[in-house]
Each structure stands twice: as structure tokens, then as C-alpha cells.
Amino acid sequence: MKKPLPIGVDNFERVIKDGYCYIDKTMLIKQLLDFKGGVNLFTRPRRFGKTLNLSMLRYFFEDTGDAEKNARNRALFQGLKIMEAGEEYTNQCGSCPVLNLTLKSAKQEDYDTACYMIRSEIASEFDRHRNIVEQGRECLAPHEYEQYLSIAEERADEKLLRSSLKLFCRCMFKITGKNTILLIDEYDVPLENAYFCGFYREMVGLVRSLFEAGLKTNDYLQFAVITGCLRISKESIFTGLNHLNIISVLDKKYSEHFGFIESEVLQIMAYYGVESRFPTMKQWYDGYMFGNTEVYNPWSVIKFLYDLDADINAFPRPYWINTSSNDIIKDMIAKADREVQGQIETLLKGGTLEIQVHEEVTYGDMQARGENLWNFLYFTGYLTKKSENFSDSSVFLQVRIPNTQVKTIYQSTILGWFRKRIEKQDFQDLYRAMEDGDAEKMGEILSGQLFSTISFYDNTEEKHSAENFYHGFLAGILSQSQDYLVKSNRESGNGRSDICVRSPSLRGKAFVLELKVSDSIHDLETDAEKALRQVYDKKYMEELQTEGYRKIGCYGISFYRKDCEVRLGKRAD
């Protein structure tokens with residue numbers, strides 16, 4: 309029996325005790341101890357192993373106040389790399405109190421609910437250490453003990469909640485004589501959510517207060533590890549933290565500890581006997597550069613392995629699209645001007661953009677100027693580094709879309725945006741031109757729509773996909789008519805025309821449309837004629853005639869990038 313894959317399992321103890329397959333990331337512990345950072349902020353995209361790594365740190369460092377439990381925690385690391393690193397590291401096992409706080413549950417619709425969820429998470433951690441507090445109660449002042457209980461029992465008001473992290477550290481030090489390690493996971497989730505839900509300012513105030521109390525001038529803090537997608541500092545989240553060590557995707561240190569490196573992917577694929585699918589795995593889920601380290605998306609690797617274990621021929625899918633909100637992409641596309649649309653198209657065709665790096669990107673700045681937008685997409689995993697250079701004390705990156713998975717996220721979002729956009733438009737001029745046989749007018753209208761649409765298939769290298777794009781583009785527009793029924797035949801592969809448009813009444817009009825994608829602008833007219841000739845050669849009108857339609861129009865349409873050519877055939881009346 310092969311070990312099960314840890315899909316959705318981000319608790320280190322459970323991963324080890326229940327025998328899940330685990331990619332050993334315990335040398336993160338050694339590096340943290342070697343570099344001796346005070347407050348360490350790791351910024352990585354969502355689903356890159358941050359939560360599991362923090363859980364691993366908790367089980368290694370935590371002194372639970374129970375010798376037997378400490379021994380069980382130490383046993384979790386037997387056979388892992390950290391236990392071979394030497395006594396100076398293994399002696400740190402079970403050495404400190406640890407508060408392990410996640411803020412991901414604060415993704416709520418309003419501030420009160422988000423604040424309640426943060427209060428609940430903090431209360432859970434206070435309650436988890438309650439045995440230590442009860443045993444050492446005499447070491448605390450009466451008001452400290454009462455404040456601790458009120459937080460643990462969710463009776464604390466927001467003012468006390470804001471100082472809770474420092475209170476925890478002080479109580480632990482008074483009882484155990486040891487400083488506390490603070491682990492804070494996904495610190496920016498409530499900020500991202502609050503930005504899109506309209507209570508950003510209130511949430512910034514709460515998070516800033518928590519951090520100021522727990523991380524700034526806290527004499528009872530051993531060290532802290534914070535994770536998120538972005539460094540958000542302009543709102544003064546980290547004001548005064550001179551000992552803040554920021555480790556972003558640009559840094560060369562710690563680069564192999566979040567995500568899978570290629571040797572790890574090859575190893576795990578060999579373990580499951582699916583190494584023959586490595587080229588597909590690489591195309592879809594590789595492509596990230598953290599520092600100078602090539603990194604795979606770990607969530608998607610595990611999900612694809614799960615599917616491959618059941619079927620070696622399984623198709624890859626964009627698993628990452630369902631793991632978190634894609635509001636960033638949706639908002640970007642909805643507000644894109646002509647310049648941004650062109651830049652998106654460049655990226656989707658495999659090109660690059662040059663951006664100046666601004667690590668202190670904020671949600672409020674996302675729409676301020678294009679450079680902030682691309683930085684935002686880079687640090688959240690929708691773009692990755694191809695190369696970097698330095699000029700005038702600034703860092704400049706050539707960025708690209710990391711892999712096929714992320715490209716499909718852009719594409720599906722663009723299609724959703726396009727559908728919503730055309731629903732708001734009136735295409736009576738197009739329907740009238742089609743009814744009147746005005747092929748030139750049809751071409752003008754369609755070209756105008758293409759000009760204002762983000763196209764992601766307009767080259768000959770992906771001819772089939774390009775045909776599907778233009779087919780969806782035209783079918784989407786024609787489907788807005790309340791007077792006609794539109795049938796798309798491309799998916800069925802039944803030898804029929806690409807699109808059939810018909811009146812509900814057999815006495816009305818019907819239209820047959822065949823599409824071609826041209827290799828160059830010079831082929832547009834020839835390809836439109838070819839499309840029209842195919843309608844007659846393959847007798848696409850016969851089905852409509854058999855049904856009883858007598859007024860049938862035939863069109864051949866060709867596309868090249870933003871240009872369109874339409875040819876009208878002889879009408880069958």
C-alpha cells in the first residue's frame with residue numbers, strides 16, 4: 309500500500325501519525341535558528357505549504373508543559389532531516405511556549421463577524437495553554453489571570469483582544485521562565501477580504517494593534533514567524549518593527565522550503581509510479597522562481613498525483629483556481645484599459661513584461677497605477693520572474709505567466725468577464741446586418757468587438773484553441789438575441805457547421821456560419837471564401853431545409869487577431 313496523499317491535511321502531527329506522504333521541509337527549522345531572525349515575514353502565494361510549515365514549527369519548538377506530550381512531539385521528527393542536523397538544533401525541540409494563530413477564518417462578509425472569528429481563534433490558543441496557566445496561576449497577578457481567562461472564554465472586549473498576544477507572552481514567561489514563539493498564519497487574508505467587502509480601514513486597525521502589541525518591544529518574545537501573500541506596510545501594519553525580516557519570493561534564502569523543488573516532484577512521482585507523466589506535471593504546475601530556485605505549486609502537484617494514482621492518463625486541471633478567491637484577477641480584468649488589455653494579451657501569448665519591484669504593495673494601491681497591479685499579481689503567484697536586473701538602486705523584473713494552470717485561470721476569468729460584458733450590450737445592428745446580407749457591416753461590428761476584448765488565442769501555434777476562442781466569441785454575441793435560437797456545433801464534432809442561427813418559426817430566417825482562423829492578415833479574404841465554400845461543399849444547409857426552413861443565409865467568417873472578414877453566400881429562399 310502506498311502512503312495516502314495529504315489533500316487538505318495541514319496539521320503536521322496528523323500528517324506524520326496517520327502515515328501521509330510527506331515532503332521533508334524540516335530544514336526550515338535549522339535555517340530559522342541559524343539566521344536568528346526576530347520577526348520573520350514569509351510572503352508566498354496561497355497554497356504553497358505555509359500552514360503545514362507553521363504547524364511543523366509548532367510541534368518542534370513547543371514546550372507543552374507535559375513531559376510525555378513533549379516526547380511524543382519529538383518522536384514525530386524521527387527519520388526527518390532536522391534530527392540529523394546536530395544537537396545544537398535537536399536540543400531546541402520542546403524548548404518554548406508557542407502560540408500558533410491563523411487568521412484565514414477571518415474571511416467574512418462584515419467587520420463584526422471577521423473580528424469575532426479572530427477573537428475565537430485567539431481564544432482557542434489561550435484555552436489550549438490553559439493547563440499551564442492553571443498550574444502556574446500563583447505566578448500571575450490577579451488581573452493577568454482574569455484577563456487570560458476572559459480571552460480564553462471569549463468574554464474579552466475588543467480593546468483587550470488587541471493586546472492579547474503580548475499578554476500571552478508575558479503570562480507564559482512569568483510561569484515558565486521562557487520566551488514565547490509566535491506563529492501567525494495568513495495574516496493578510498482578513499485584509500484582502502476586507503478590501504473587497506468594504507471594511508478595510510477597520511480591519512487594518514485591528515491587525516495593526518495586534519501586531520504592535522505582540523511584536524513591537526515585546527521582551528517576552530523569542531521569535532515570530534508570520535506568513536502571507538504580501539508585505540503590507542504602508543498602512544503601518546509593521547510600524548516600528550526594526551527587527552522585521554522580510555523573506556519574499558525574491559529572496560534566495562529559505563527559497564526551497566515553500567513549494568516543491570523538481571527533485572522532490574520526481575521523487576514523489578517515482579514513488580507512485582507515475583513518472584511517465586512528468587512532462588505534463590512540469591508544463592502545468594512548474595514555473596515559479598523563488599530566489600534562484602525553481603518551484604512547483606505543491607497543492608496542484610498533490611492533486612494531480614491523486615488523479616494519476618487512479619488513472620495514469622488523467623488530464624491535468626487548474627486545481628489552484630478553487631483554492632482561494634480570484635477576485636484579484638476579476639477586478640483587474642473588469643477595470644482594464646486598452647493598455648492593460650494589451651499587456652494581458654502579451655502575457656497570454658507567452659511574452660513578458662518589465663516591472664519595477666515594489667514589495668510594499670497594498671490592496672488599496674492595486675488600481676492606483678499599472679505597475680502596482682503587476683507587482684500585486686507577481687507576489688500573489690499569478691506572475692513569476694523570468695529574469696531580474698538592478699538599475700538606480702531599484703530592482704526590475706521580466707515577468708511572465710508561470711505555467712499552463714495559471715494561464716487557464718486568466719482565460720476562464722476573461723471568458724466570464726466577456727459574457728457579462730456582452731449581456732449589457734445591444735447587438736441589434738449585427739442582427740440587422742446579418743438579416744440584410746450586409747457582410748461588410750458584420751465584419752466591422754465584429755472587429756470592433758474584438759478590439760475591445762482581451763483575446764488569448766490569436767496565433768497559429770494553437771490553431772485548434774484559437775478556433776475555439778473565436779467560436780465562443782461569436783456564439784456568445786449571437787446568443788444575446790431574443791429573436792433567434794443559436795446552436796453551437798463545434799463541441800459535438802458531428803460534421804455540421806460551426807454555428808447555426810434560426811428563427812423559432814419555420815417561416816422565419818435561418819443562418820449557417822462557418823469559421824476559420826487565418827495564419828496572417830493577408831489570408832483573411834481567402835479563408836473567409838474557404839469557409840463559405842465548405843458550407844456548400846458539405847451541404848450544411850440541408851438539415852435546416854429538411855426541418856422546413858426556406859430562407860437560409862450562409863456566411864464564411866475568418867479571424868486574425870483583432871481583424872475579421874465576412875463573406876456572404878447565395879441565399880437559399
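What the sequence shown shows, in our numbering, is residues 309 to 881, in sequence order. Note that the Cβ used here is the ideal one computed from N, Cα and C, for glycine as well. This structure is a prediction, so every number in the text was calculated from the model and none was measured.
What residues in its chain sit with their C-beta under 8 Å from that of residue i, if we drop five residues either side in the sequence?
i, result
"Thr-688", "Pro-353, Arg-354, Cys-537, Leu-538 and Ile-636"
"Ser-800", "Residue confidence is low: Ser-800 scores 40 on pLDDT, short of 50, so the model does not pin down where it sits. No coordinate-derived value is stated."
"Ser-702", "Gln-664 and Val-665"
"Asp-617", "Lys-310, Leu-313, Tyr-580 and Val-582"
"Asp-871", "Ser-755, Leu-758, Ile-829 and Leu-832"
"Leu-448", "Val-441, Tyr-456, Cys-479, Lys-482 and Ile-483"
Measuring straight from C-alpha to C-alpha, what distance separates residue i and residue j?
i, j, result
"Asp-835", "Val-323", "58 Å"
"Leu-552", "Phe-476", "20 Å"
"Gly-327", "His-451", "45 Å"
"Met-480", "Tyr-596", "40 Å"
"Gln-790", "His-779", "20 Å"
"Glu-873", "Ala-774", "16 Å"
"Leu-514", "Gly-581", "49 Å"
"Gln-713", "Tyr-844", "40 Å"
"Asn-381", "Thr-398", "12 Å"
"Leu-656", "Pro-624", "19 Å"
"Phe-320", "Gly-751", "60 Å"
"Phe-704", "Gly-658", "19 Å"
"Gln-757", "Gly-316", "42 Å"
"Ser-458", "Gln-575", "49 Å"
"Arg-509", "Asn-501", "12 Å"
"Phe-343", "Glu-417", "39 Å"
"Gln-706", "Gly-346", "32 Å"
"Phe-546", "Asn-680", "20 Å"
Near residue i, what residues of its chain come up, given a Cβ to Cβ distance below 7 Å and the 5 sequence neighbours on each side ignored?
i, result
"Lys-817", "Glu-743, Ser-811, Lys-859 and Gly-861"
"Thr-334", "Met-364, Phe-385, Leu-388, Lys-389 and Ile-390"
"Asp-615", "Ala-622"
"Lys-338", "Ile-390, Ala-393 and Tyr-397"
"Tyr-857", "Arg-810, Leu-814 and Ala-818"
"Lys-560", "Gly-599 and Asn-600"
"Leu-261", "No answer is possible for residue 261: the residues shown for the chain start at 309 and end at 881."
"Gln-455", "Leu-468 and Leu-475"
"Ser-517", "Arg-470"
"Gln-842", "Glu-822"
Please state if the CB of residue j and the CB of residue i are separated by a distance shorter than 8 Å.
i, j, result
"Lys-694", "Thr-660", "yes"
"Gln-649", "Glu-731", "no"
"Thr-410", "Glu-494", "yes"
"Cys-549", "Arg-366", "The residue asked about is misnamed: residue 549 is Leu in this sequence, not Cys. Not a contact, by the Cβ cut-off of 8 Å."
"Thr-535", "Phe-350", "yes"
"Asn-348", "Ile-555", "yes"
"Lys-486", "Cys-401", "no"
"Val-809", "Tyr-848", "no"
"Glu-855", "Leu-793", "no"
"Phe-586", "Val-557", "no"
"Gly-784", "Arg-869", "no"
"Gly-877", "Leu-840", "yes"
"Glu-433", "Leu-407", "yes"
"Thr-359", "Asp-332", "no"
"Gly-721", "Lys-638", "The residue you asked about is not Gly; residue 721 is Thr in the sequence shown. Their beta carbons are under 8 Å apart, which means Thr-721 touches Lys-638 by this criterion."
"Ile-641", "Trp-725", "yes"
"Thr-488", "Tyr-528", "yes"
"Ile-762", "Ile-652", "yes"
"Arg-427", "Glu-461", "no"
"Asn-776", "Trp-592", "no"
Apart from the five residues on each side of it in sequence, which residues of its chain come closer than 6 Å, Cβ to Cβ, to residue i?
i, result
"Tyr-627", "Ser-608 and Lys-611"
"Thr-768", "Only weak support exists for where Thr-768 lies, its pLDDT of 49 falling under 50; the value from the coordinates is given anyway. Counting only Cβ-Cβ distances below 6 Å, and skipping sequence neighbours, we find Asp-827."
"Ile-709", "Leu-655 and Lys-715"
"Gly-444", "Ile-483"
"Lys-749", "Ala-741"
"Glu-498", "Before going further, note that residue 498 is Pro rather than Glu in the sequence given. Leu-411, Ala-414, Ala-422 and Met-511."
"His-565", "Lys-333 and Leu-336"
"Leu-782", "none"
State yes or no: is the beta carbon of residue i nearer than 8 Å to at least one beta carbon in chain B?
i, result
"Ser-805", "Included in the structure is just one protein chain, with no chain B present."
Checklist entry - Is there contact here, the stretch 493-507 with the stretch 415-423, by at least three beta-carbon pairs under 8 Å? => result yes
Checklist entry - Three or more beta-carbon pairs under 8 Å between the stretch 471-484 and the stretch 512-532, yes or no? => result yes
Checklist entry - Contact between the stretch 561-578 and the stretch 590-605: three or more CB pairs below 8 Å? => result yes
Item to check | Whole beta strand (DSSP E) elements within the stretch 643-698, 3-residue minimum | outcome: 661-664
Checklist entry - With contact counted as at least three CB pairs below 8 Å, one residue from each stretch, are the stretch 819-831 and the stretch 864-880 in contact? => result Yes, the stretch 819-831 touches the stretch 864-880.
Checklist entry - Which residue spans inside the stretch 359-406 form an unbroken alpha helix (DSSP H) run of at least 4? => result 375-383 and 395-398, all fully within the stretch 359-406.
Item to check | Runs of beta strand (DSSP E) wholly within the stretch 781-834 (minimum 3 residues, chain order) | outcome: DSSP runs (the beta strand (DSSP E)) wholly in the stretch 781-834: 793-796, 807-810 and 817-825.
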